[in-house]
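Peer 1: The structure that follows is given in the form of structure tokens.
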Amino acid sequence: LGDQAPAHLQYAGELRLQHKDASLDELGHLAVPPMTKDAVAGRIRRLLATADKRAQELGIPDTESVIADLI
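Take 1309 as the starting number for the sequence shown in the numbering used here and just add one per residue.
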């Protein structure tokens, strides 16, 4: 998605990448300003949905397929 994703969704994704082992609650506390775990989860969920929609438009594997290949 790059710069096409809204900044608040990018921020949630960057937090997750920087703190892979953190719980959603911990990610919320790390955010500036702090967020609830539900807010973090919602933003990550919307980011993934946006990425999956874009992947479908481009005819490339979606996030679930890519993650399954990594496991």
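Quick reminder that beta carbons are idealized off the backbone N, C-alpha and C, glycines included.
Evaluate the contact criterion for the segment 1320–1329 versus the segment 1367–1376: three or more CB pairs, one atom per stretch, below 8 angstroms.
Peer 2: no
Peer 1: Look at T1344 and L1317 and say whether their C-beta atoms are less than 8 angstroms apart.
Peer 2: no
Peer 1: Using 10 angstroms around the beta-carbon of V1348, count the other beta-carbons present and answer buried if the total reaches 16, otherwise exposed.
Peer 2: buried
Peer 1: Taking 8 angstroms as the cut-off, decide whether the C-beta atoms of G1350 and P1342 are in contact.
Peer 2: no
Peer 1: To the nearest angstrom, report how far apart L1356 and Y1319 are at their CA atoms.
Peer 2: If I take the Cα positions, the gap works out to 13 angstroms.
Peer 1: Which value, in whole angstroms, describes the spacing of the CA atoms of L1378 and V1340?
Peer 2: Cα-Cα distance, rounded: 30 angstroms.
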